[in-house]
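Novice:
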Amino acid sequence: MTPKTETFTVPELEKILAGKKKKYIRYEEGITLYSMGKIPLRQLAQEAHALIYLKHAAVINTEILDEYIERYTLLERCGFEPTGWFDKDDFQAIYNFSTPDAVFALGTAVSDMSREVLRNIERMAGRAPGV
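Numbered according to the numbering used here, the sequence shown terminates at residue 562, and the numbering increases by one at each position without gaps.
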């Protein structure tokens with residue numbers, strides 16, 4: 432008998448991810464996309480240097496923010512100490528991920544990124560001489 436697994440869905444997030452991801456987003460879109468509150472999102476975007484101030488608004492560069500999040504995740508998952516790359520305060524906003532949907536989305540993203548990196552390493556190791 433196989434155990435049943437629970438699946439969480441976030442309808443607004445699925446709509447955003449179904450379409451082409453925008454390079455620049457406003458806070459309201461970022462709140463849904465990253466499952467964070469406005470203040471933690473702003474703090475994380477500032478730390479990543481992804482926040483751009485315009486005359487009457489601020490936008491977040493999703494490419495820069497995503498790269499910042501991915502860089503930390505990859506360093507950590509590949510066994511490298513991110514010290515020197517990041518300060519301990521860089522991810523204080525992570526404590527605001529408190530809903531089951533947010534935790535599920537984060538876990539899935541980390542798993543997907545790690546799987547891709549490890550498969551690339553496996554392919555490269557297979558091509559190395561003497562392996």
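We treat Cβ as the ideally placed atom computed from N, Cα and C, and that holds for glycine.
Between the region 484 to 502 and the region 451 to 461, do three or more beta carbon pairs fall short of 8 Å?
Specialist: yes
Novice: For Ser542, count neighbouring Cβ atoms within 10 angstroms of its own Cβ and tell me buried if that reaches 16, exposed if not.
Specialist: exposed
Novice: Using only the alpha-carbon positions, how far apart do Ile483 and Leu549 sit?
Specialist: 33 Å
Novice: Start and end of the beta strand (DSSP E) containing Tyr458?
Specialist: That residue, Tyr458, is in no beta strand (DSSP E); its alpha helix (DSSP H) goes Tyr458 to Leu464.
Novice: From what residue to what residue does the alpha helix (DSSP H) around Ala564 run?
Specialist: Shown here, the chain extends from 432 to 562; a query on residue 564 therefore has no answer.
Novice: Leu472 lies in the alpha helix (DSSP H); which residues open and close that run?
Specialist: Lys469 to Glu478
Novice: Under DSSP, the beta strand (DSSP E) around Lys482 begins and ends at which residues?
Specialist: Sequence check: residue 482 is Leu here, not Lys. Looking at the DSSP string, the run of the beta strand (DSSP E) that includes Leu482 is Leu482 to Tyr484.
Novice: Would you say the region 471 to 483 touches the region 504 to 514, given that touching needs at least three Cβ pairs under 8 Å?
Specialist: no
Novice: Given Thr530, which residues of its chain have a CB within under 8 Å of its CB, disregarding the five upstream and five downstream residues?
Specialist: Hits under 8 Å: Ser466.
Novice: My understanding is that Ile495 touches Ala479, with C-beta atoms under 8 Å, so please give their C-beta distance in whole angstroms.
Specialist: 6 Å
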